[in-house]
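Encoded as structure tokens, the structure appears first; notes follow it.
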Amino acid sequence: MKIRTYMAAAVFLAFFVFSTAASARYDDDDDGLGWAWPNLSDACKKDERCKTFYNRSGQIFDILYYISEKYVDTLDFEKVMDDFMHGGFKRVFKALDPHSFYLNPEEAKKIYSDSPPVFVVGIYFRKEDDRVVIMEVVEGTAAEEAGLEDGDFILALDGKSTKQMTLEQVSDALDGKSGTVLEMRIFRPWLNKELVLTIIRKSVVVRAVTAEVMKDIYYVRVRSFDEMGISETINLAFLGMPEWTRGIILDIRNNPGGYKNEAEKAASLFLDEGKLIASEVDRKGKTEIIAGGARPKEWETVKNLPMVVLVDERSASASEMVAAALQDHHRAVIIGMPTFGKAIVQTRSNIFTEIFALGGGSFYLTTARLYRPNGRSLQGKGVLPDFIIPKRDGEDLEKYLAELRKNRMTESSLDSHIKGEDEGTWLEAERDKINLLQKDRQLQFAIEALKAMFSRGN
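FYI, in mature numbering (1 follows the signal peptide of the UniProt record, and there is no 0) the residues of the sequence shown are -24 to -1, 1 to 434.
In structure tokens, the structure reads:
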């Protein structure tokens, strides 16, 4: 493959350039070329073919140095170099946390597409180690009609195991012409059972933000923050609510996150200007305060309406930042299940995206940790809702959370994840909430409802 040929050449050249040769000397028998190691760079610069790769090696060095200096935890630069020389960028990023990754040019092109996604199956999914997990089954799609559910594991597609497939390969296997048939073998954790489903593909365009009037309640669903301008779409959605609206619901279940600045703007819509949304801290302790901006004047009718935010175990990253900010400032009552627990920031390669060294490829690198307004970490822990409601009636919370960890469906259960300061610990009030939920759900709801009223001065 062309890309592999390039990588092999780059690895060789990186070793070639970065090796020291202070003691080398001219030797007529060294290689028959008439020059020795000390003069190699000058000789290379006279050959256009060599010059091209020589310049590229400098760009590669810059990228590797950037990774070692900007990563959220301290890295050994020599280890980074060694990983690169023995396996390229893929190996470098494999040694980091599960949210830092390299994209080849084809993968980057798909990831950075500005077009709304067109589904022929109708699922959002992610890869966790060797598992393909369905994050959301989109309503009105072939997946819903076939009976797929959120949380199902995709084991095989048309008889081919997904265990060794990349995200791109899974996507390609799901893709196909509308009307064609796809056989999918899945594992359903809550049933502890494998199933084989037949899916008839059909094309459906899915929007990231949708709204619905439910009598005097206005419901807005946000599937991700992974589009530039998504906060403005949320703004427009709420400005379209009827004047008789008495309460609002923001549904960010199955929302895997996205752009931090879009989540910041979205949270700002519901908070007073200057309110702390989150704090971002890099490995050197440099702190960036993320505070709410000014809201549009048209939001005067929205800001005082009672608000509920729906979350679940697949609400992650940017969506957790929004939920935590609204919870800490008592702006909304959070309902659902404890969230995923990812509170770290990834920086896209930006200036490196189009440079020759990556050949159009790109990467995401974890560069900072996020802290909620109350100063506590969400990493490895997540947002504990005010009302904890399992998706299915009669579900035991502790058993359910243990099952999620077992199946690597929480941040803290992922291999090589960034450790959170509060990971694995519960405040006394949080533990009481879980214990009481097991004993008397109605009483728990009554207590939390009173707390919500007290915080609003009612």
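All C-beta atoms, glycine included, are put in the ideal place defined by N, C-alpha and C. None of these values were measured; they are calculated from a predicted model.
Close beta carbons around residue i, own chain, < 6 Å, minus the five adjacent residues each side
i           : result
E274        : L215
residue 522 : What is shown of the chain runs -24 to 434, which leaves residue 522 out entirely.
L150        : V97
L252        : A267, P349
D134        : E159
V278        : F214
Y78         : F65, K66, F69, F339
S325        : S338, F339
Y100        : M111, E112
D202        : G234
L51         : S44
Cut-off 7 Å between Cβ atoms - residues of its own chain near residue i, not counting five sequence neighbours on either side
i    : result
D7   : Its pLDDT being 39, under 50, D7 is placed unreliably by the model, and nothing is read from it.
R307 : F246, L247, M283
F332 : Reliability of the predicted coordinates at F332 is poor, the pLDDT of 47 falling under 50, and the value obtained from them is presented with this limitation in mind. Here the set comprises R32, Q35.
D416 : With a pLDDT of 47 at D416, under the threshold of 50, the modelled position of that residue is not reliable, and no figure is offered here.
V298 : I228, A239, A242, A243
G250 : A267, G268
C26  : C20
D18  : none
CB of residue i within 9 Å of CB of residue j, strictly
i    : j    : result
L173 : M160 : yes
S207 : K236 : no
E256 : E264 : yes
V198 : L158 : no
F129 : V146 : no
V284 : T315 : no
G337 : F60  : no
T117 : V48  : no
K139 : D106 : yes
Nearest candidate by alpha-carbon position, reference residue i, set the options
i           : options                : result
S76         : F339, D258, K260, Q355 : F339
V68         : L40, P81, V185         : L40
E112        : R25, G127, T186        : G127
R352        : A301, G123, P366       : A301
E115        : V108, G123, V109       : G123
P272        : L131, K357, I210, R183 : I210
R259        : I320, I364, F65, C20   : I320
residue 435 : K395, I310, P81        : Nothing about residue 435 can be reported from this structure: the residues present for the chain run from -24 to 434 only.
M141        : R177, R102, S154       : R102
I311        : L167, P165, R229, P81  : R229
I224        : E203, A239, M190       : M190
K169        : V180, K70, L131, E188  : L131
L403        : M57, V359, I365, H393  : V359
T221        : E188, E203, F201       : E188
A83         : C26, D148, D304, F53   : For clarity, residue 83 is Glu in the given sequence; the question names Ala instead. Checking every option, the nearest Cα to that of E83 belongs to D148.
K178        : I162, G152, L171, F201 : G152
L354        : G317, G261, P366       : G317
K262        : E219, T138, R345       : R345
L167        : V56, E125, I365        : E125
V180        : D18, E121, F201        : E121
M217        : V56, K46, T50, L281    : L281
Residue i: CB within 8 Å of a non-hydrogen atom of the ligand COA
i    : result
T186 : Inclusion of the ligand COA in the displayed structure is not the case, the ligand content being empty and no account of it being possible.
is_contact[residue i, chain B] using C-beta, thresh 9 Å
i    : result
Y195 : Any reference to chain B falls outside this structure, which holds one protein chain only.
Cβ shell of residue i (< 8 Å), same chain only, five flanking positions each side left out
i           : result
residue 448 : The displayed coordinates of the chain run from -24 to 434. Any statement about residue 448 would go beyond what the structure contains.
I193        : T221, R222, G223, I224, I225
G155        : I176, R177, K178
T401        : K357
Integer Cβ distance of residue i from residue j, believed to fall under 8 Å
i    : j    : result
Y347 : A270 : Rounded, the Cβ-Cβ distance is 24 Å, inconsistent with contact.
K175 : A119 : Here the sequence assigns Ile to residue 175, which means Lys is not the residue at that position. Sure, about 7 Å apart at Cβ, within 8 Å.
P74  : H393 : 6 Å
F53  : S44  : 4 Å
K357 : D304 : Actually they do not touch by this definition, with Cβ atoms about 14 Å apart.
>> Assess contact between the stretch 291 to 300 and the stretch 220 to 234, defined as three or more Cβ pairs (one per stretch) separated by less than 8 Å. Is contact present?
In response: Contact holds: three or more Cβ-Cβ distances are below 8 Å.
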